[in-house]
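A.B. asks: The sequence shown lines up with residues 204 to 399 when you count with my numbering. A virtual CB, placed ideally from N, CA and C, is assigned to each residue, including glycine. All values reported here derive from a predicted model rather than from experimental measurement. Structure below; questions to follow.
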Amino acid sequence: MSYRPYHHGDLRAALLAGAERMLCKQGSPELSLRQISREVGVSHAASARHFRSKQALLDALAATGYQRLTQTMEAADDPSLGFPQRLAALNRAVLRFATDNTALLGLMSIRTYDTKPGEELAAAVDRAAAVIRQLIEDAQQRGEVIEGDPDRIALLPAAALHGLAFLVANGSLASHAALDQLDQLVHSMLYGLTSR
């Protein structure tokens, strides 16, 4: 089989885009670096310069997902608002992300590694978590949230956001139903986090 010359300039980005298209069609267990290489129009050897294994590709794709999620949350956040409104806005943003990126969120939500995740993925996860941690720190400074370790306190809203998004992504909960229950979810979280 002959391969056409690759002229797009960013083979890594093209491989990730091809992997995401394939993920949406087939699911992560079916991803094949050789198949993605063919779809992009390059040899497997050319792809191997960017991704040494299927796992390396999955890690990079998951990192891309976390980067997008972080951008989505940051765009939705307004530090001038009070804690309840900011928390609700982040919940809505995560639900939109879950609805628009179902397959990608599934990959981000499952542990597919036999080894420790690479630096790129670990850093992307940390940046997403930092959005919620910053929300907690800001609210603590305003006296809106109980004192304590922001990382520990952020676990509750992070787990709720992740869980709700996963329920939407796997089809257990319709996105409109999740949005309808959002105010109650935020109210429940606030009970345990806000100053009394």
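Less than 8 angstroms between the beta carbons of serine 235 and serine 250, yes or no?
C.D. replies: no
A.B. asks: Taking 8 angstroms as the cut-off, does the region 324 to 333 touch the region 280 to 295 (at least 3 CB pairs, one atom from each stretch)?
C.D. replies: no
A.B. asks: May I have the straight-line CA-CA distance separating leucine 367 from valine 297, to the nearest angstrom?
C.D. replies: 9 angstroms
A.B. asks: In terms of residue numbering, what span does the alpha helix (DSSP H) encompassing phenylalanine 254 cover?
C.D. replies: That residue, phenylalanine 254, is in no alpha helix (DSSP H); it is neither H nor E in DSSP.
A.B. asks: Would you kindly check if the distance between the Cβ of methionine 311 and the Cβ of leucine 293 is under 8 angstroms?
C.D. replies: no
A.B. asks: Let me make sure I understand the geometry here. Which of Arg255, Gly230, Ala381 has the alpha-carbon closest to that of leucine 308?
C.D. replies: Gly230
A.B. asks: Let me confirm a value: asparagine 373 is counted as buried when at least 16 other C-beta atoms fall within 10 Å, else exposed. Which label applies?
C.D. replies: exposed
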